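Data first, discussion second: the structure below is written as structure tokens.
2 protein chains.
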Amino acid sequence: MPVFKKLSSFTCLKMKIAVLGGYQTKFGELWYKSLEDLIFEACLGAIKEAGIDKKKIEIAFVGNKLSGNLSNQNHLGALLAELLQINIPVVRTEAACASGGMAVAQACLAIQSGQYDFALVVGAEKMTDLPAEQVSSGLMSAASLAEQQSGFSFVGLYALMAKRYLADFGCQEQDLAQPAVKNHWHASFNPKAQFPFPLTIDKVMGSSLIAEPLRLLECSPISDGAAALVLANPRKVFSEKQVFIKASIQQNDSLSLCKREKITGIKSAKMAAKKAYCQAGLGPQDLSLIEVHDCFSIAEIIALEDLGIYKTGEAYLAERNGEVKLGGKRPVNLSGGLKACGHPVGATGVKQIVEIVNQLKGRAGRRQMVNPLVGLAHNVGGTGGTAIVHILQK
Amino acid sequence: MPVFKKLSSFTCLKMKIAVLGGYQTKFGELWYKSLEDLIFEACLGAIKEAGIDKKKIEIAFVGNKLSGNLSNQNHLGALLAELLQINIPVVRTEAACASGGMAVAQACLAIQSGQYDFALVVGAEKMTDLPAEQVSSGLMSAASLAEQQSGFSFVGLYALMAKRYLADFGCQEQDLAQPAVKNHWHASFNPKAQFPFPLTIDKVMGSSLIAEPLRLLECSPISDGAAALVLANPRKVFSEKQVFIKASIQQNDSLSLCKREKITGIKSAKMAAKKAYCQAGLGPQDLSLIEVHDCFSIAEIIALEDLGIYKTGEAYLAERNGEVKLGGKRPVNLSGGLKACGHPVGATGVKQIVEIVNQLKGRAGRRQMVNPLVGLAHNVGGTGGTAIVHILQK
């Protein structure tokens, strides 16, 4: 493969992987659906949309964080092989809330290796219908032991980042409500969203403080759901109208927030974005739409800066002036984001890409934007111990 | 890369990945060592042996099954980044007891992709020093829900396979004791082994029945431990005396034992072996030594047949006549195997390869065999829902 450009120590290998199909289940409190049901629906949906026989699939990837902790079900590779009745390699990846993005990234590497031409990727999580304590404790397995033992929750950790951000950049508490309001508005056009209804700033500001300055309606919910993709070596598919993955980059940093150089930005996401732009031969200015990991409202603001779309300390102004809304200059989280579409953790990274594919293919229904060309998905694990960036182009 | 040969629907891409370093920690009940300690020791050991600066490593993989269930610690990619203070992508793979083999296989794909030249792989598990019930329940997370709810343990599931094997092939209960005795003998030469002492057939046969016909001393133990490898694109390293991975194949099958066509063999292992021979351009006759997944004594016997080394129903005869012992025609489990070296589940698949590398490099100490050229590692998840085969050559 041709080398695109050198980025210090990183060699930007060009890549081009075709997305043949994508599918998202409804996200929400799906008490009547098991993890297996969700995985099965998403995989079949993606395979159907890809229009290929399932026997063509040579390798599969399952992104999941919590089924070991919550349902005592590990070994999801074999579970998928059983569900789909396919004898192929199936790899389970886990990277906290970036488990789905990691599954996509590993599938890309598998295709780039030349060993496999058709890959199925599914991200899935079953989180509701369980004791709240068990879910909270399971979620904290993505943090360091010291953070767990100090009694932190993830909203507590992100609240530290928010506090510092507010103090450093003149951002107001009310600004933190903006991403939630925008994302709920987008979700109101998405029938697959967990909360398909709008919110007002007043409603967000009137909701309970969970960890100062973050309020209940600035936090992503506990959700069930799955999403799947069929990826392929573009030389093995014959169709003009394809969407391609042009960059797939994972980057890790320390697990513990206290070991980071700064907490008003996420270093792993910055590094991943830089490498992804290099790999795709594109820059922030080329992006038509973005799906970012808004696990908490502050996370969306920080993400837009880490991705180089806005300068440090300025993204909240873009949230204020509306340019990141549907109809604005560069819409962010048209799916409704983690906040309003829902956040079944293992599914999120895959769902982001499904949303971008739907937008690029012009079939996003009432939330369709006008003629998008390039989309970026930004998936984060924990407080940024893992960050995964994908860039798609049609 | 050149295509080696077509195997029905599978394209055997040739591969060649250099193993620069390998390291295994002591396996055992290491109450004074945490999962982090084990990972750290193994990684540093492998990097030191590889003789490279850790900054050369571009991607890392962590194979682990149980840390989410047992220690509420997921997100091991970020944990490793923190421990080693490296900002690279780190992928966690999970496939029950094949989590380590999966990590190696994914690292091979990453190098084959051309995106990464140097990869670190670590497999690790911390299983002791916890309530027995929690460990037993955690281990069963590798089985299907129906198997869990029926009250099965893994020894129970493998006992079904053993019963059928005894009934079909004239194998005696005493033959099941042979692999355990052989592997303990090998372990007596391995200072890293959990049980570095010999056993007699009488001692095995006198141990308690756990699930008829399997006895306590035919079962692999609960262990702590880690193993690590540094892998590289051979075009990026300059040394004549290398050991190479010539095949790396994963194959899945149904999670549930009851959904298999046969239970006296493991289909996923058979398929993986066939593809691996094809990829390496080698056959069973070329193997100097083999590390197989002897989680229970019957599993070693079945493995040797699945790998095409002995005909169906005949491997136990080779155990009887001693040709699989050190000094025999083709030694199996020189490390001591899972039975006697120990079975920290996430570490096992990596440790098998470390053992083969040590043998091929002629530094296996008192258990060194004479001039081995080719080794095969066979790593299984659950009852065969996942099987991973690696072939190494010097």
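Line by line, the protein sequences are chains A and B. When the letters of the first sequence are read in order and numbered with this note's numbering, they come out as residues 947 to 1340. When the letters of the second sequence are read in order and numbered with this note's numbering, they come out as residues 947 to 1340. Where a beta carbon is used, it is the ideal one built from N, C-alpha and C, also for glycine. Predicted model, so just to flag it, every value in this text is computed and none were measured.
Check, Outcome
"Residue ranges of each alpha helix (DSSP H) run of no fewer than 4 residues wholly in the segment 1092–1174 of chain B, ordered along the chain?", "1100–1115, 1119–1133, 1147–1152"
"Which value, in whole angstroms, describes the spacing of the CA atoms of Lys-1000 of chain A and Asp-1199 of chain B?", "15 angstroms"
"Under 8 angstroms between beta-carbons, which chain A residues line up against Gly-1331 of chain B? List them in chain order, please.", "His-1021, Gly-1023, Ala-1024, Leu-1025, Ala-1027, Glu-1028"
"Check whether the Cβ atoms of Ala-1226 of chain A and Ala-1193 of chain A lie closer than 7 angstroms to each other.", "yes"
"Is it the case that the Cβ atoms of Glu-1040 of chain B and Asn-1020 of chain A are separated by a distance below 7 angstroms?", "yes"
"May I have the straight-line CA-CA distance separating Asp-1232 of chain B from Glu-1158 of chain B, to the nearest angstrom?", "36 angstroms"
"Measure the alpha-carbon distance for Ser-1281 of chain B versus Gly-1308 of chain B and round it to whole angstroms.", "14 angstroms"
"Starting from Cys-958 of chain A, follow the beta strand (DSSP E) in both directions and report where the run begins and ends.", "956–959"
"Alpha carbon to alpha carbon, how far is Gln-1095 of chain A from Ile-1255 of chain A?", "36 angstroms"
"How big is the Cα-Cα spacing for Ala-1123 of chain B and Cys-1117 of chain B?", "11 angstroms"
"Since Glu-1237 of chain A and Ala-1323 of chain A should fall inside the 8 angstroms C-beta cutoff, what is the C-beta to C-beta distance between them, to a whole number of angstroms?", "5 angstroms"
"For Glu-1093 of chain A, count neighbouring C-beta atoms within 10 Å of its own C-beta (all shown protein chains included) and say buried if the count is 16 or more, exposed if not.", "buried"
"Given a cut-off of 7 angstroms, decide if Lys-1138 of chain A and Gln-1305 of chain A are closer than it, judged by their beta-carbon atoms.", "no"
"Is the shortest distance between the beta-carbon of Ser-1059 of chain A and the beta-carbons of chain B less than 7 angstroms?", "yes"
"Sort A:Arg-1312, A:Ser-1087, A:Ile-963 by Cα distance to Ala-1065 of chain A and report the nearest one.", "A:Ile-963"
"By how many angstroms is the C-alpha of Cys-958 of chain A removed from the C-alpha of Ala-1089 of chain B?", "41 angstroms"
"How about Ala-1174 of chain B: is its C-beta nearer than 7 angstroms to some C-beta of chain A?", "no"
"What runs of the alpha helix (DSSP H), each 4 residues or longer, lie entirely inside the segment 986–1035 of chain A?", "1013–1017, 1022–1030"
"Among the candidates A:Arg-1181, A:Gly-1327, A:Gly-1283, whose CA atom is the shortest distance from the CA of Gly-1009 of chain A?", "A:Gly-1327"
"For a contact defined as C-beta to C-beta under 7 angstroms, what are the partners of Gln-1095 of chain A on chain B?", "Simply none; closest approach about 10 angstroms."
"Beta-carbon of Asp-1199 of chain B versus every beta-carbon of chain A: anything under 7 angstroms?", "yes"
"Going by beta carbon distance, what residues of the same chain come within less than 7 angstroms of Arg-1313 of chain A, once the five residues before and after it are set aside?", "His-1132, Phe-1135, Asn-1136, Leu-1272, Leu-1280"
"Is it buried or exposed for Ala-1345 of chain A, if we count other Cβ within 10 angstroms and need 16 for buried?", "Summary: the structure shown does not reach residue 1345 of chain A, with chain A confined to residues 947 through 1340, and so no result is reported for it."
"Counting C-beta neighbours from all protein chains within 10 Å, is the total for Arg-1161 of chain A 16 or more, i.e. buried, or is it exposed?", "buried"
"Can you give the beta carbon distance from Ala-1333 of chain A to Gln-1197 of chain A, rounded, assuming they're within the 8 angstroms contact cut?", "5 angstroms"
"Compare the C-beta of Glu-1251 of chain B against all C-beta atoms of chain A and say whether one is closer than 7 angstroms.", "no"
"Given 8 angstroms as the limit, is there contact between the segment 1276–1296 of chain A and the segment 973–989 of chain A, that is, 3 or more CB pairs closer than that?", "yes"
"Taking only beta-carbon positions, decide if Pro-1290 of chain A is within less than 7 angstroms of chain B.", "no"
"Using beta-carbon positions only, say whether Pro-1144 of chain A and Glu-1265 of chain A come within less than 7 angstroms of one another.", "no"
"When you compare the CB of Met-947 of chain A with every CB in chain B, is at least one pair closer than 7 angstroms?", "Here the model assigns Met-947 of chain A a pLDDT of 37, short of 50, so the residue's position is not dependable and the matter cannot be decided."
"Out of B:Gly-1331, B:Leu-1250, B:Lys-1340, B:Val-1291, which one is the CA nearest neighbour of Val-1303 of chain B?", "B:Lys-1340"
"Run the CB neighbour count on Asn-1129 of chain A, radius 10 Å, all protein chains shown included, and call it buried at 16 or more, exposed below.", "buried"
"With a threshold of 8 angstroms, are at least 3 pairs of Cβ atoms found where one atom belongs to the segment 1074–1083 of chain B and the other to the segment 1021–1037 of chain B?", "no"
"Check whether the Cβ of Lys-1087 of chain A lies closer than 7 angstroms to any Cβ atom in chain B.", "With the sequence shown as reference, residue 1087 of chain A is identified as Ser, and Lys is not the correct amino acid for it. Yes, Ser-1087 of chain A counts as interfacial toward chain B."
"With a cut-off of 7 angstroms, does the C-beta of Leu-1338 of chain B fall near any C-beta of chain A?", "no"
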